[in-house]
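Participant: Once you know that position 513 of the first sequence is 513 in UniProt numbering, the rest is easy, because the numbers rise by one and skip nothing. The beta-carbon is built from N, C-alpha and C at its ideal position, and this holds for glycine as well. Here the structure is a predicted model, which means the values were calculated and not measured.
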Amino acid sequence: MNKEKVPDRTVSLETAEPDMASSSSIGYLGYAEYFHNKELQQLESDVQYREKYQKEKGVSHPTLFQGLTIYVNGRTDPTRFELHKLIILHGGTFKHYLSGKTAVTHIIASELNASKKSSFANYKIVGPGWITESIARGKLLPWQDFRIVNVSVLQGKITDFATIRNCMDPNFIHSYFKSSRLHHLSNWKFQLRDQFVQDLLSSRGEISPNQKYVFFHVDFDCFFAQVSAKIDGTYDIHTVPIAISHGINNSDISSCNYVARSFGVHNGMWVSSALKLCPALKILDYEFDEYEAISNLFYQALKSVGIFKMVLPLSIDEAIGCMPVTSDTTQELLTQKCIQVRAAVFDLTQGYSVSIGCASSVLLARLALRKGKPNGFSISWFSTPLERRAFVDQFKLKDLPGIGYSTDQKIQETFGEIHSISALRGLLESPNNVSKLIKAIGSKNAKRLQTYLDGQDDDESISMVKDPASYFQKKSLSVEINYAIRFKTIDDVDTFLERLSLYLWEKLKDSNLLTRQITLKLMKRAQGAPVDPPKFMGMGKCDAISKASTLGSNTQKYGSIASECKTLFRILSVPPAEVRGIGLQFHRLTAATQASGQKLEQRRITTDIFKKANRSDDEVVRRVDEDTTPRTPKSTTYASPVKNYWDRHLKRSVTPFRYDFPDELDPEFMSNLPKDVQEEITSHHSVAKRAKRTLRTELFEEPKKQIKQTQDLHYIHDGRLVPQLSFQGLSSAKQICRTLIDWVDATIDVGPHEKDLELFVNHLNKLADQRRSHIILQLIKTLKNKIDDHYDGNSEGLEQWEYFLIRRLIPVLNKTKSDVNFNLVFDL
DNA sequence: TTTGTGTGGTAG
DNA sequence: ATCGCTACCACACAAA
């Protein structure tokens, strides 16, 4: 591709500067507007355009494409706009649509998705290089040399197509996120923040906390709509109502232009309702890569202006530039700067419009931005608090940051139909009303709202400006999917949980962090909600329930995380078929030390608990990827979190359900599988059977309490005040050992109860917290010996006990390895 | 009083 | 068809 041959873009039609007076027309759209005409007119226009251009430039182009009719599909390099121009300048005919009537001779595309590919089957499909190379060589090159035949692309798209509808597909998570706008928004935000922190730390430029700034809140006008419309190239964004969405029915509109808004269309609306308000609405698809590219240019432009001490990233299309206040900061100067910033973005992005709100506080800048939109700017530079308040009074409560739908509703429930800020200000003169407000929306919310009434920033915004490095530092990690989640069996759930754990674990590992606490969050179909929600593959009306588990140590271990998730799912006790969404969160993150990072690498190469345990000459697997620094015992919860949970959720209806999986695995089928697959299946099967047992006992049988309830005791031990740990009401190791023996004997046929296992692991973890490793060792040895006693039999229970021993107890044991010197051989 | 857990709300 | 994410704050309530 020869870019030099591309005529430069300084044609008068497309060089107009952004219109600073914020009026209706934007210069750059002149070009788009020009081609917006109906097709017949357009043919004539193309000829006119060519003549005008050649006359102005004093050049003429060879008519390479004479007689050809060309259509450009999707994103290309050079862009569709540039190709359009090249084609018509060189005598070709450009088609905006693939209407059936007019024959298109060639299609230009870089990549075709499956549906397009098959519908284009009868066309000559070529890469954009065909155009640029032909022009460069001065002759029409054979199109066959630039033909696009990429079967893998085709297949990839086809699997994608199926993948997104089936959450059990191994690629589901990845492929779903690839087209989830919300995932992209979150991801971009994180990346921008991360980049910001890195830049800040490497630049060593100090942020002085007492610096006074003018804030420039810069924001694209309907970003997605602007970008997608330009890529598509078919419509004039100033005259045609445009919205961005995936589908045509119950699909969210994520962005719409101001023409669409004038019909009452707004972001978040479903396409079907938007079309009722505005039948002419054009729906365009997302162009995520392009959003990212334009955003890069946007941030680059903000930096290049050179007036900002820092540029705080708010999102892909939104940032706050902080300009230090000096003695000559005046309304005139600020006006000039706003114009300058808008022009810089416009130039670098080649034609995108941003709006700016400029003020002395982050809040006022945000409000000013609303006045500046679209395609303009607004400055709120006040000298008295009175002026500030008068300015704030123009807005609605919902315009204030942090006042969303729900808070707004609560205020109205308290004070009647109150929408305006001025009305609320009046009400709050009475202390009585202030306490009403606090009661309705909480004290923090109320306090922040009052700060806003004064035009001042709340503590959070202040900390963002004063200590941005820590404000933008990530403190938790989570993943959530509430779309297309449909499970049949608990095996499905386990498999999915493993993939979700893997996804998040990789992020944890990449950020070199350890986690202390895991939360599993489920969306459960609400009582009475239809099994098939109105939105295709959506979650419908759901109850959100979650359960946290505090791990025994700071960990980065995939195995512990995944198995903990499965346990949490069982505790939440939602039938797999009722699950509509699933999420995983890591809290209480700590930085992994350099050493543990290195050990992690070792572990991945050499060890796997299962395999290690199978090798009789092996000592107990070393704990390698857990934090070995002693934790302060602090306060530990001695009561069972499980009991706590069920006390609170007992009212929740639990629908009985059946797991359908075979009781026994077919040995012939199994023997034909690779060894690792066999192991995996056996392990799933065993977890599933355990769950079956657990829930069956819980739901259909009188729960056989083998052992009495936990008691929570506290007493003086060894002359010190040490919290006395107990398991099943027993404190002495000897007594507990006897209980363990009874426990194994009593459950060797049916397997242990999940809740009991959890209590026992909790107990061990607490012992580990107190560094009482010898007791842990004693208990586990006892348990192991007892299980070995039953080894001749081939009961289900034995299998489950072994699984428990390997998966849950050995990790606890490994954790204590540094405390005592011992070798323990497990030859299972 | 302090700490921890589950839930709700918000933003883009 | 359709891609309903994710970090963070605040609160109610329970437990110590």
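Go through its chain and collect everything with a Cβ distance to GLN331's Cβ below 8 angstroms, but skip five positions before and after it.
Facilitator: In the first sequence, counting from the first residue as 1, residue 331 sits at position 331. Closer than 8 angstroms at Cβ, skipping near neighbours: ILE379 and TRP381.
Participant: The alpha helix (DSSP H) with ARG193 in it runs from where to where?
Facilitator: Along the first sequence, one-based indexing puts residue 193 at 193. Run containing ARG193: 181-203, per the alpha helix (DSSP H) assignment.
Participant: Helix, strand or coil for THR335, going by three-state DSSP, please let me know.
Facilitator: Translated into the one-based positions of the first sequence, residue 335 becomes position 335. Looking at THR335 - three-state DSSP - the assignment turns out to be helix.
Participant: In chain order, what residues of the same chain have a beta carbon less than 8 angstroms from the beta carbon of GLY455, not counting five sequence neighbours either side?
Facilitator: Your numbering for residue 455 matches position 455 in the first sequence. Answer for GLY455: SER361, LEU363, LEU364, PHE382, PRO385, ARG388, ARG389, PHE391 and VAL392, listed in chain order.
Participant: If you reduce the DSSP assignment to three classes, tell me which class LEU428 lands in.
Facilitator: For the purposes of this step, residue 428 is taken as residue 428 along the first sequence, with counting starting at 1. Of the three classes helix, strand and coil, the one that applies to LEU428 here is coil, per DSSP.
Participant: Hey, quick one: how far does the alpha helix (DSSP H) through ARG580 stretch, first residue to last?
Facilitator: As a position in the first sequence, residue 580 is number 580, starting the count at 1. From DSSP, ARG580 is part of no alpha helix (DSSP H) but of the beta strand (DSSP E) over 579-587.
Participant: Taking only the alpha-carbon atoms, compute the straight-line gap between ILE316 and LYS178 and give it to the nearest angstrom.
Facilitator: Along the first sequence, one-based indexing puts residue 316 at 316. Along the first sequence, one-based indexing puts residue 178 at 178. In a straight line, the C-alpha of ILE316 is about 16 angstroms away from that of LYS178.
Participant: In this structure, does DSSP put ARG147 in helix, strand or coil?
Facilitator: Position 147 of the first sequence, counted from the start, is the residue given in the question as residue 147. It is a strand residue.
Participant: Give the list of continuous alpha helix (DSSP H) stretches no shorter than 4 residues that lie fully inside the stretch 352-377.
Facilitator: Counting only runs of 4 or more, we get 362-372.
Participant: Give the secondary structure of LEU520 by DSSP, where H, G and I count as helix, E and B as strand, and everything else as coil.
Facilitator: Reading the first sequence from its first residue, position 520 is the one you call residue 520. DSSP places LEU520 in strand when its eight states are reduced to three.
Participant: Determine the direct distance from the alpha carbon of THR79 to that of ARG366, and round the result to whole angstroms.
Facilitator: As a working note, residue 366 is residue 366 in the first sequence. As a working note, residue 79 is residue 79 in the first sequence. Taking the straight line joining both Cα atoms gives about 34 angstroms.
Participant: Could you tell me the boundaries of the beta strand (DSSP E) in which HIS217 lies?
Facilitator: Here the question's residue 217 lines up with position 217 in the first sequence. Start and end: 213-220.
Participant: Rounded C-beta distance between VAL465 and CYS338? I'm assuming under 8 angstroms.
Facilitator: By 1-based counting over the first sequence, the position of residue 465 is 465. By 1-based counting over the first sequence, the position of residue 338 is 338. VAL465 to CYS338, Cβ: 20 angstroms. No contact.
Participant: Does the contact criterion of 3 or more C-beta pairs under 8 angstroms hold for the stretch 211-220 versus the stretch 261-279?
Facilitator: At 8 angstroms Cβ cutoff, the stretches do not touch.
Participant: In angstroms with no decimal places, state the Cα-to-Cα distance between ARG193 and ILE518.
Facilitator: Numbered from 1 along the first sequence, position 193 holds the residue referred to as residue 193. Numbered from 1 along the first sequence, position 518 holds the residue referred to as residue 518. Rounded to the nearest angstrom, the two C-alpha atoms are 24 angstroms apart.
Participant: Could you spell out where the beta strand (DSSP E) holding PHE382 opens and where it closes?
Facilitator: What you label residue 382 is simply residue 382 of the first sequence in a count that begins at 1. It is not in any beta strand (DSSP E) - PHE382 carries neither H nor E in the DSSP assignment.
Participant: In the structure shown, what three-state DSSP assignment does GLY91 receive?
Facilitator: The residue labelled residue 91 in the question sits at position 91 within the first sequence. Here GLY91 sits in coil by DSSP.
Participant: CB LYS212 to CB VAL325, shorter than 8 angstroms?
Facilitator: As a working mapping, residue 212 is identified with position 212 in the first sequence. As a working mapping, residue 325 is identified with position 325 in the first sequence. For LYS212 and VAL325, yes; Cβs fall inside 8 angstroms.
Participant: May I have a chain-ordered list of the alpha helix (DSSP H) segments no shorter than 4 residues that lie completely inside the stretch 543-574?
Facilitator: Here the runs fully enclosed are 558-572.
Participant: Which whole-angstrom value describes the C-beta separation of TYR176 and PHE224, a residue pair presumed to lie in contact below a C-beta threshold of 8 angstroms?
Facilitator: Stepping through the first sequence from its first residue, residue 176 is reached at position 176. Stepping through the first sequence from its first residue, residue 224 is reached at position 224. With a Cβ gap of about 19 angstroms, TYR176 and PHE224 do not count as contacting.
Participant: If you reduce the DSSP assignment to three classes, tell me which class VAL493 lands in.
Facilitator: Along the first sequence, read from residue 1 onward, the residue named residue 493 stands at position 493. Reduced to three states, the DSSP call for VAL493 is helix.
Participant: How many whole angstroms separate the CB atoms of SER476 and GLN585, which I take to be in contact at a CB cut-off of 8 angstroms?
Facilitator: Taking the first sequence and counting its residues from 1, the one referred to as residue 476 is at position 476. Taking the first sequence and counting its residues from 1, the one referred to as residue 585 is at position 585. Right, their Cβ atoms sit about 6 angstroms apart.
Participant: Could you tell me the distance, in whole angstroms, from the CA atom of LEU500 to the CA atom of LYS474?
Facilitator: Here residue 500 corresponds to residue number 500 of the first sequence, with the count starting at 1. Here residue 474 corresponds to residue number 474 of the first sequence, with the count starting at 1. Distance between the alpha carbons of LEU500 and LYS474: 20 angstroms.
Participant: Distance, Cα to Cα, PRO401 vs LYS230?
Facilitator: Against the first sequence, residue 401 aligns to sequence position 401. Against the first sequence, residue 230 aligns to sequence position 230. Straight-line Cα distance between these residues: approximately 30 angstroms.
Participant: In whole angstroms, give me the CA-to-CA distance for ASN614 and ASP491.
Facilitator: Counting from one through the first sequence, the residue named residue 614 turns up at place 614. Counting from one through the first sequence, the residue named residue 491 turns up at place 491. Confidence at ASN614 is low in this model, with a pLDDT of 27, below 50, so its placement is unreliable and no value can be given for it.
Participant: Okay, do the stretch 240-251 and the stretch 528-543 touch, 3+ Cβ pairs below 8 angstroms being the bar?
Facilitator: Cβ pair count under 8 angstroms is three or more, so yes.
Participant: Note down, in chain order, each residue of its chain lying with its Cβ closer than 8 angstroms to the Cβ of GLU413, except the 5 sequence neighbours on either side.
Facilitator: The residue you call residue 413 lines up with position 413 of the first sequence. These residues qualify, in order along the chain: ALA440.
Participant: For LEU809, collect the residues of the same chain with a Cβ closer than 6 angstroms to its Cβ; drop the 5 residues on either side in sequence, then sort them by chain order.
Facilitator: The count along the first sequence starts at 1 and reaches residue 809 at position 809. The answer, listed in chain order, is ILE780.
Participant: Verify whether the separation of the beta carbon atoms of GLN397 and LEU428 is less than 8 angstroms.
Facilitator: As a working note, residue 397 is residue 397 in the first sequence. As a working note, residue 428 is residue 428 in the first sequence. Looking at the sequence provided, one finds Leu at residue 397 rather than Gln. No, these two residues do not count as a Cβ contact at 8 angstroms.
Participant: Where in the stretch 280-324 do unbroken runs of the alpha helix (DSSP H), each at least 4 residues long, occur, reported from the N-terminal end onward?
Facilitator: The qualifying runs are 288-305.
Participant: Counting only the same chain and skipping the five closest in sequence on each side, list residues whose C-beta sits under 6 angstroms from that of GLY540.
Facilitator: Numbered from 1 along the first sequence, position 540 holds the residue referred to as residue 540. Within the same chain, GLY540 has close Cβ partners ALA529 and PRO533.
Participant: Please return the same chain residues whose Cβ sits closer than 6 angstroms to the Cβ of ALA469, not counting the five positions on each side in sequence.
Facilitator: Start at 1 with the first residue of the first sequence, and residue 469 comes out as number 469. For ALA469, where only same-chain residues beyond five positions count, the Cβ hits under 6 angstroms are VAL197 and LEU200.
Participant: DSSP three-state label for ASP749, please.
Facilitator: In the first sequence, residue 749 corresponds to position 749, counting from 1. Coil, per DSSP.
Participant: Check whether the stretch 443-452 and the stretch 342-351 are in contact - that is, three or more C-beta pairs closer than 8 angstroms.
Facilitator: Taking 8 angstroms as the limit for Cβ pairs, the verdict is that the stretch 342-351 does not touch the stretch 443-452.
Participant: Label TYR405 either buried or exposed according to how many other C-beta atoms from any shown protein chain fall within 10 Å of its C-beta, with 16 as the threshold for buried.
Facilitator: Here the question's residue 405 lines up with position 405 in the first sequence. Exposed, by the Cβ-count rule.
Participant: Using a threshold of 8 angstroms, state whether the C-beta atoms of SER560 and LEU572 are closer than that.
Facilitator: Locating residue 560 in the first sequence gives position 560, where the first residue counts as 1. Locating residue 572 in the first sequence gives position 572, where the first residue counts as 1. No.
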